[in-house]
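S.K.: Below is a structure I'd like to ask you about.
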Amino acid sequence: MTENLTGPTALTGREAQRAAVRRTAERRSLRTATWSMSAGTWQIGAWFWVIVLIIAGIIGYVEVRTDILDGSVIDGVVSGSAKFFLFVMGIIAPIASVAVHVAAGGTRRSFIRSTWCTAVILGLTFALVAAVLGYVEWLVFRAQGWSPELDRAQLYVDGGQVGTAFLVQAFFCSVYWLSGAAIGMGYYGFGVWRGTFAIPLLLVPVVLVELAFQSGYFGRPFAQAVGLADAQVLTAVVGGLVALAAAALTFHLVTRSVAIAPVTT
Amino acid sequence: MTAPTRPEPFGVELRDVTLSFGKGEKHPALDGLSLQVRPGTITGLLGRNGAGKTTALSLIAAMRRPDAGTVLVDGEDPFENAWAMAGTQLVRESGDTITSTKVADSLGYYAEMREHWDADLAARLVDLFEVDLRKTPESLSRGKRSALGAVIGLASRAPLTIFDEVYLGMDAPSRYAFYDALVEDYTEHPRTIILSSHLIDEVERIFEDVVIVDKGRVLLAESVESVRSRGVSLTGSAAAVESFVDGRRVLARQRLGGTAQVTLFGTLDDAERAAATEAGIELGAVPLQDLFVHLTREERS
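Same order as they appear, the protein sequences are chains X and W.
So the number in our numbering is just where the residue sits in the first sequence, counting from 1, plus 54.
So the number in our numbering is just where the residue sits in the second sequence, counting from 1, plus 92.
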């Protein structure tokens, strides 16, 4: 009788101990990978901002000197290229991290979640920088009596709408990062040919977010083509959330069972 | 804050595991492979190139899934199992690192991830192997990269630690320093260690159990003592030795002048031992490498 009582009790204690270790390990893995990918991207990202600011400064100077300045330089050069920078970093960073993460005892599940978290962190921080830079430019333009309007924006007309600019850039940067990550992991897991064939599918979230926010070179023509050019911010946010969820799902699908190849140098 | 409890060593079991990488293969990488690793032992996993060692180890470490069969680590399927994966450290050749950033960053990643990471041990081993923390892993020589893998494997203190040919590129002093560090740390912090190696002569002294695989199947899985008892070495005058081994299965034969050394497969009973001694033949333990070569050659022929 005693054995009947101690058996299940002991098992429950052992299972509880393992469950606690699992939870701790998953939290530690999530924290470590998120920090590693976010900090790693920002290390290079800092240089990105410096370089594009220099480029924007040169373009702005030339446009002012030649009297052809007709709108924001920051929006086109800096904000417009941030999402593409994150798209490329999204391809690189998870591939560089996944093997060391699993080898160090992390699950793919925690890696997927950390990539999602990284997307949000990078989206918010890059959007903050872009919005602040746009706002500063708007202040300078106003002080100089120049036109501060953007020539391609839809949801916000100038850098003075700093909140909307932040919102738009946050969605763009997050979705572009995650889509880049999905494409990178697609190549990692499926190989060159199948990874290439998967690209159109993995780019669907990018198309969705461009449609939803109608900004930049691609978004506005897309939105006009499908009759969404007059959508309001709330509609855009819903579309952005759908795009973000789609990007998160595609990354999950390509990563959840991926075979981890040894790191080679 | 209390230090985390030292974990119990993990056991490993593979049952009828099959894995194939594609249609172009002559045979599957693993072809119904079954083996057990006792918890708290140092087990040598031996096999020729392409035998399936690395594939089996990658399944144990949840790097991939088998096509069929069962993989158990500490009684649980390790794939996406946070308990099993957090307790397993696989070091593949030079270790999995972030190649484009400093070595210190990779060690930092492991230190954050591994609950039982020993930073002092890692620092001592980094000094011992003279690994430059400021360099990137890809800029290290192959020997130093392997040493970095050894540091990661030992400092992780995982209940199941696997070294898959971690010695590649390491010079002899570094290899022996690694073996010594491994045995010393294993003695102080018992855990399950699986060591895959081609340098059998060097590492057989630290094995407790041996698993020999070939063509994706297990040829032999026994304690080292049991394996060694499968053969016997005879040394003496060439005439006496050759006369004695006539008709028996000879694994290896060496001759120097009038002296011969022959390794036999199989055991000798007491009468045979007495007869050999009477003939002036000295009996000894068989080198593991001779048995390994014989078994894998026989399997392939």
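Even glycine gets a Cβ: it sits at the ideal position worked out from N, Cα and C.
These numbers come from a predicted model, not from an experiment.
What runs of the beta strand (DSSP E), each 3 residues or longer, lie entirely inside the region 203-291 of chain W?
M.R.: Counting whole runs of 3 or more residues, the region 203-291 of chain W contains the beta strand (DSSP E) stretches 252-256, 284-288.
S.K.: Ignore the nearest five residues each way along the sequence and tell me which others in V337(W)'s own chain have a CB closer than 8 Å to its CB.
M.R.: Counting only Cβ-Cβ distances below 8 Å, and skipping sequence neighbours, we find L326, V354, L356.
S.K.: Skipping 5 residues on each side, what residues in its chain have a beta carbon closer than 7 Å to that of Q381(W)?
M.R.: Closer than 7 Å at the Cβ level, and outside the excluded window around Q381(W), lie I292, D293.
S.K.: Pair every Cβ in the region 73-88 of chain X with every Cβ in the region 147-160 of chain X, then say whether three or more of these pairs are closer than 8 Å.
M.R.: With a cut-off of 8 Å, the region 147-160 of chain X and the region 73-88 of chain X count as touching, because enough Cβ pairs lie within range.
S.K.: What does Q128(W) pair with, by DSSP beta-bridge criteria?
M.R.: Looking at the DSSP assignment, Q128(W) forms a beta bridge with E105(W).
S.K.: Inspect the beta-carbon positions of E185(W) and G241(W) and report whether they are closer than 8 Å.
M.R.: Result yes, Cβ atoms of E185(W) and G241(W) sit closer than 8 Å.
S.K.: What would DSSP say about F357(W), mapped onto helix, strand or coil?
M.R.: Strand at F357(W).
S.K.: In three-state DSSP terms, what is Q215(X)?
M.R.: Three-state DSSP puts Q215(X) in coil, outside helix and strand.
S.K.: Checking contacts by CB at 8 Å: is R309(W) closer than that to chain X?
M.R.: Cβ-Cβ to chain X under 8 Å: no for R309(W).
S.K.: Tell me, please, whether the CB atom of M177(W) is closer than 8 Å to any CB atom in chain X?
M.R.: Yes, its Cβ sits closer than 8 Å to a Cβ of chain X.
S.K.: Applying the 10 Å Cβ sphere with the 16-neighbour rule, what's the burial state of Y242(X)?
M.R.: Under this definition Y242(X) is a buried residue.
S.K.: Pick out whichever of E172(W), P158(W), A176(W) has its Cα sitting closest to the Cα of D166(W).
M.R.: Closest option to D166(W), Cα to Cα, is A176(W).
S.K.: CA-CA distance, P282(W) and A367(W)?
M.R.: Answer to the nearest angstrom: the Cα atoms are 43 Å apart.
S.K.: Quick one, which residues of the region 157-175 of chain W are near chain X if we go by CB-CB under 7 Å, in chain order?
M.R.: Result list: R157, E172, A174, W175.
S.K.: Counting Cβ pairs, one atom from each stretch, are 3 or more of them under 8 Å apart for the region 129-139 of chain X and the region 292-307 of chain X?
M.R.: No: the two stretches stay apart, fewer than three of their Cβ pairs being nearer than 8 Å.
S.K.: At the 8 Å Cβ level, is V154(X) part of the contact set with chain W, yes or no?
M.R.: Yes, because at least one Cβ of chain W sits closer than 8 Å to the Cβ of V154(X).
S.K.: Please report the residue range of the beta strand (DSSP E) in which Q181(W) lies.
M.R.: From DSSP, the beta strand (DSSP E) with Q181(W) extends over 180-184.
S.K.: Buried or exposed for A377(W), going by 16 or more other Cβ atoms inside 10 Å?
M.R.: Exposed, by the Cβ-count rule.
S.K.: So is N58(X) buried or exposed if we call it buried at 16+ other beta carbons inside 10 Å?
M.R.: Legend: pLDDT at N58(X) = 46, less than 50; position of this residue unreliable, no value from coordinates given.
S.K.: Tell me, please, whether the CB atom of Q128(W) is closer than 8 Å to any CB atom in chain X?
M.R.: No, Q128(W) does not count as interfacial toward chain X.
S.K.: Evaluate K145(W) with the Cβ neighbour count: other Cβ atoms within 10 Å of its Cβ, from every protein chain shown; 16 or more gives buried, anything less gives exposed.
M.R.: It counts as buried.
S.K.: Does DSSP put L262(X) in a helix, a strand or coil?
M.R.: The answer is helix: DSSP assigns L262(X) an H, G or I state.
S.K.: I want to verify the contact list: residues of chain X whose CB lies under 8 Å from the CB of R226(W), in sequence order.
M.R.: Here the premise fails: no neighbours, minimum Cβ distance about 16 Å.
S.K.: Which residues mark the beginning and the end of the alpha helix (DSSP H) in which S38(X) is found?
M.R.: Nothing can be reported for residue 38(X): it is not among the residues displayed for chain X, which extend from 55 to 319.
S.K.: Measuring CA to CA, which of D210(W), T193(W), A330(W) is closest to S231(W)?
M.R.: Taking only the C-alpha atoms, the option nearest S231(W) is T193(W).
S.K.: So L343(W) is in the beta strand (DSSP E); what residue range does that whole segment cover?
M.R.: L343(W) -> beta strand (DSSP E) spans 342-348.
S.K.: With burial defined as no fewer than 16 other Cβ atoms inside 10 Å of the residue's Cβ, what is the status of V258(W): buried or exposed?
M.R.: The residue is buried, with at least 16 neighbouring Cβ atoms inside 10 Å.
S.K.: If you run the structure through DSSP and keep just helix, strand and coil, what is T351(W)?
M.R.: T351(W): strand per DSSP, three-state reduction.
S.K.: Check whether the Cβ of E100(W) lies closer than 8 Å to any Cβ atom in chain X.
M.R.: Closer than 8 Å: no.
S.K.: Just to confirm before moving on: does the CB-CB distance between L225(W) and V195(W) stay below 8 Å?
M.R.: Yes, these two residues count as a Cβ contact at 8 Å.
S.K.: If you measure between the beta carbons of T309(X) and F165(X), is that distance less than 8 Å?
M.R.: Yes, they are a contact pair.
S.K.: Does DSSP classify G144(W) as helix, strand or coil?
M.R.: If DSSP states are grouped into helix, strand and coil, G144(W) belongs with coil.
S.K.: Between which two residues does the alpha helix (DSSP H) carrying D128(X) extend?
M.R.: One point to set straight first is that residue 128(X) is Ile, not Asp, in the sequence displayed. It is not in any alpha helix (DSSP H) - I128(X) carries neither H nor E in the DSSP assignment.
S.K.: For R309(W), which beta-bridge partners are listed by DSSP?
M.R.: BP columns for R309(W) point to D306(W).
S.K.: Report the rounded CA-to-CA distance for F141(X) versus L127(W), giving the unit in angstroms.
M.R.: Rounded to the nearest angstrom, the two C-alpha atoms are 45 Å apart.
S.K.: For R248(X), count neighbouring C-beta atoms within 10 Å of its own C-beta (all shown protein chains included) and say buried if the count is 16 or more, exposed if not.
M.R.: Looking at its Cβ environment, which holds fewer than 16 other Cβ atoms inside 10 Å, R248(X) is exposed.
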